[in-house]
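Residue numbers (the numbering used here): 1 to 103.
The block underneath contains the structure these notes are about, expressed in structure tokens.
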Ligand SMILES: [Cu+2]
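This is the structure in structure tokens:
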């Protein structure tokens with residue numbers, strides 16, 4: 001009985017791991033969009049970006065504010081930085097998933 005409980009616990013943790021790996025892989029498949037950082041509000045977890053077309057959101061170029069998926073995403077950037085970023089709709093909010101420096 002005891003070993004069966006342990007087996008189920010292992011099974012549950014394995015499926016959790018594969019779920020989070022799947023979520024990460026999913027983010028990686030989002031197309032990257034060009035942008036320039038306009039404003040960062042770290043306290044609110046928000047960033048304004050003047051962005052080019054965002055193919056996966058069918059959005060034309062504009063300047064707008066996104067939610068950051070987590071605080072790490074906003075670290076190290078400042079106004080005027082040219083970036084490539086991935087955005088998605090997460091629970092109804094337009095959200096920046098990742099940001100990297102434009103080459
Ligand atoms: Cu937009």
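Note that CB positions come from ideal geometry on N, CA and C, so glycine has one too.
Endpoints, the beta strand (DSSP E) within which residue i is located
{"i": "residue 51", "result": "46-51"}
{"i": "residue 73", "result": "Element bounds for residue 73: n/a, residue is neither H nor E."}
{"i": "residue 30", "result": "Premise fails: residue 30 is in no beta strand (DSSP E) and is neither H nor E."}
{"i": "residue 54", "result": "From DSSP, residue 54 is part of no beta strand (DSSP E); its letter is neither H nor E."}
{"i": "residue 101", "result": "93-101"}
{"i": "residue 88", "result": "82-90"}
Same chain only: Cβ atoms within 6 Å of residue i, ignoring 5 sequence neighbours per side
{"i": "residue 31", "result": "55 and 56"}
{"i": "residue 102", "result": "82, 83 and 84"}
{"i": "residue 41", "result": "none"}
{"i": "residue 62", "result": "none"}
{"i": "residue 91", "result": "none"}
Check: residue i C-beta below 7 Å from any heavy atom of ligand 1
{"i": "residue 51", "result": "yes"}
Between the CA atoms of residue j and residue i - distance to the nearest angstrom
{"i": "residue 46", "j": "residue 68", "result": "6 Å"}
{"i": "residue 98", "j": "residue 36", "result": "14 Å"}
{"i": "residue 59", "j": "residue 53", "result": "6 Å"}
{"i": "residue 51", "j": "residue 39", "result": "13 Å"}
{"i": "residue 74", "j": "residue 100", "result": "10 Å"}
{"i": "residue 64", "j": "residue 95", "result": "11 Å"}
{"i": "residue 87", "j": "residue 34", "result": "11 Å"}
{"i": "residue 76", "j": "residue 66", "result": "17 Å"}
{"i": "residue 44", "j": "residue 72", "result": "13 Å"}
{"i": "residue 48", "j": "residue 70", "result": "15 Å"}
{"i": "residue 89", "j": "residue 79", "result": "23 Å"}
Cβ of residue i within 8 Å of any chain B Cβ
{"i": "residue 68", "result": "The chain inventory of the structure shown lacks chain B, comprising one protein chain alone."}
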